[in-house]
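S.K.: Got a structure for you, written out below as structure tokens; questions coming shortly.
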Amino acid sequence: MPQAIEQALELIREDRPDSIDRALALLQNTVYSFSMKVCGHPQDAEDTMQDVLLKSIPYLTKFDNPQALTVWLYKVARNHCISQHRRAASLPARNLSLDDLMPDSHELQELFSRPAPNPEAALLNSESAEHLRQAILQVPPQYRMVLVLHDMEELSTAEVAQVMGLREGTVRVRLHRARLSVRQHLAKLPRRGIVLHAAADAAKPPRCRRLFAALSDYMDGVIDDAMCDEMDLHLHDCQPCQAFLASLKDAVQQCRSYQPRCDARRAEQIRQQLLPQYQQAVAALVKKRQAAGVGSG
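Numbering-wise (the working numbering), the sequence shown opens with residue 526 and increments by one.
This is the structure we're talking about:
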């Protein structure tokens, strides 16, 4: 669950003009960042930010826990992003095949021969952030949405399932394939002076396939003990697979480091427009509660 939404709800409960402004700023950044990751276009992200907050105004004071607000807010933002790209959403869904995302033997050897990823390299500069943005946008939308919600917005698997209307098992499958897709696209981009040129007909090691299929569950610690022990043994004996796991972790860490921000001046202008509407919504809610209290007496 994003910490910003928890902080926003705490500020809303304080019910002071400055705290409300700070709460709206946190929610603005959350929605803008989400939309940029999903859609990739600043104008679309700004439109989503404005429209979602406008829809949210009458409801913000009604939420009594951050998880409920988190799921609701992301549902509204997701639906808005989909409606903005209705034409793309109407196209046949493109499925990601695990076999297509698996590294072949040439790539595994190249990964094994290169230096291990540097954790500090995950702190994105403008060039690497653009490479990452392009890699994310190459992921089919039904997988990309799960990747953004789970790895980039820090929702749990259960929360992503609620937002998406999916079973948790389906979320885990889509998340893994989205991660593999981003890793694959990043590997094809010039990074740290290395470009992969794996032969198309290079054999994919069959003994590693079962490990690759469960790698995200292994990384996230949501795998059963027997399978975990089996993977520990395999990784201990298979150095190329160790290198592949490191490259996948590196791709996930880069995703988590990508935090696009809305222009501060434009965001403040939008908040100034929304604040009176929020105050009206609060006044209407108070009046409704008072009327209900009189009626019950």
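Using N, Cα and C, we set each Cβ at its ideal position, and we do this for glycine too.
Thinking C-alpha only, which one of 754, 582, 600 and 663 is nearest residue 685?
M.R.: Within the sequence shown, numbered from 1, the residue matching residue 685 stands at position 160. Answer by Cα proximity: 600.
S.K.: To the nearest angstrom, how far is it from the Cα of residue 626 to the Cα of residue 693?
M.R.: Locating residue 626 in the sequence shown gives position 101, counting from the first residue. Locating residue 693 in the sequence shown gives position 168, counting from the first residue. Cα to Cα, the separation comes out at about 22 Å.
S.K.: So what's residue 814 in DSSP terms, helix, strand or just coil?
M.R.: Numbered from its first residue, the sequence shown carries residue 814 at position 289. In the structure shown, residue 814 sits in a helix (DSSP, three-state: H, G or I).
S.K.: Tell me where the alpha helix (DSSP H) around residue 743 begins and ends.
M.R.: Taking the first residue of the sequence shown as position 1, residue 743 is located at position 218. 740-745 is the span of the alpha helix (DSSP H), which, as asked, contains residue 743.
S.K.: Excluding the five sequence neighbours on either side, which residues of its own chain have a C-beta within less than 6 Å of the C-beta of residue 657, listed in chain order?
M.R.: As a position in the sequence shown, residue 657 is number 132, starting the count at 1. 779 and 783.
S.K.: Mind reading off the beta-carbon distance from residue 801 to residue 636? Whole number of angstroms is fine, and I expect it under 8 Å.
M.R.: Within the sequence shown, the letter at position 276 stands for residue 801. Within the sequence shown, the letter at position 111 stands for residue 636. So it is not a contact: roughly 56 Å between Cβ atoms.
S.K.: Can you tell me which of the three DSSP states residue 771 falls into?
M.R.: What you label residue 771 is simply residue 246 of the sequence shown in a count that begins at 1. Residue state, collapsed to three classes: helix.
S.K.: Is the beta carbon of residue 578 less than 8 Å from the beta carbon of residue 556?
M.R.: Position 53 of the sequence shown, counted from the first residue, corresponds to residue 578. Position 31 of the sequence shown, counted from the first residue, corresponds to residue 556. Contact: yes.
S.K.: Please classify residue 785: does DSSP put it in a helix, a strand, or coil?
M.R.: In the sequence shown, the residue the question calls residue 785 occupies position 260. Three-state DSSP puts residue 785 in coil, outside helix and strand.
S.K.: Take residue 851 and list the residues in its own chain whose beta-carbon comes closer than 6 Å to its own, dropping the five residues that flank it on each side.
M.R.: No statement about residue 851 is possible, as the shown extent of the chain runs from 526 to 822 and does not include it.
S.K.: Helix or strand or just coil, what does DSSP make of residue 620?
M.R.: By 1-based counting over the sequence shown, the position of residue 620 is 95. Note: residue 620 maps to coil in three-state DSSP.
S.K.: Could you give the residue range of the alpha helix (DSSP H) that holds residue 681?
M.R.: Your numbering for residue 681 matches position 156 in the sequence shown. Looking at the DSSP string, residue 681 is not in any alpha helix (DSSP H), and its letter there is neither H nor E.
S.K.: Tell me whether residue 554 is buried or exposed, calling it buried when 16 or more other Cβ atoms sit within 10 Å of its Cβ.
M.R.: Here residue 554 refers to the residue found at position 29 when the sequence shown is read from its first residue. Buried: at least 16 other Cβ atoms inside 10 Å.
S.K.: Output the boundary residues of the alpha helix (DSSP H) element that contains residue 482.
M.R.: As displayed, the chain neither begins before 526 nor continues past 822, which places residue 482 out of reach and without an answer.
S.K.: Can you tell me whether residue 773 is buried or exposed, with buried defined as 16 or more other CB within 10 angstroms of its CB?
M.R.: Looking up residue 773 in the sequence shown gives position 248. Counting Cβ neighbours within 10 Å, residue 773 comes out buried, since at least 16 surround it.
S.K.: Return the first residue and the last residue of the alpha helix (DSSP H) that residue 748 is part of.
M.R.: Here the question's residue 748 lines up with position 223 in the sequence shown. Note, residue 748: premise wrong, no alpha helix (DSSP H); not H, not E.
S.K.: Can you tell me where the alpha helix (DSSP H) holding residue 557 begins and where it ends?
M.R.: Walking along the sequence shown from the start, residue 557 turns up at place 32. Counting along the chain, the alpha helix (DSSP H) containing residue 557 begins and ends at 542-564.
S.K.: Are the beta-carbon atoms belonging to residue 603 and residue 670 less than 8 Å from one another?
M.R.: Within the sequence shown, numbered from 1, the residue matching residue 603 stands at position 78. Within the sequence shown, numbered from 1, the residue matching residue 670 stands at position 145. The answer is yes: Cβ separation under 8 Å.
S.K.: Is it right to say residue 702 is buried, meaning 16 or more other beta carbons lie within 10 angstroms of its own, or is it exposed?
M.R.: Here the question's residue 702 lines up with position 177 in the sequence shown. By the neighbour-count rule (16 or more Cβ atoms within 10 Å), residue 702 is buried.
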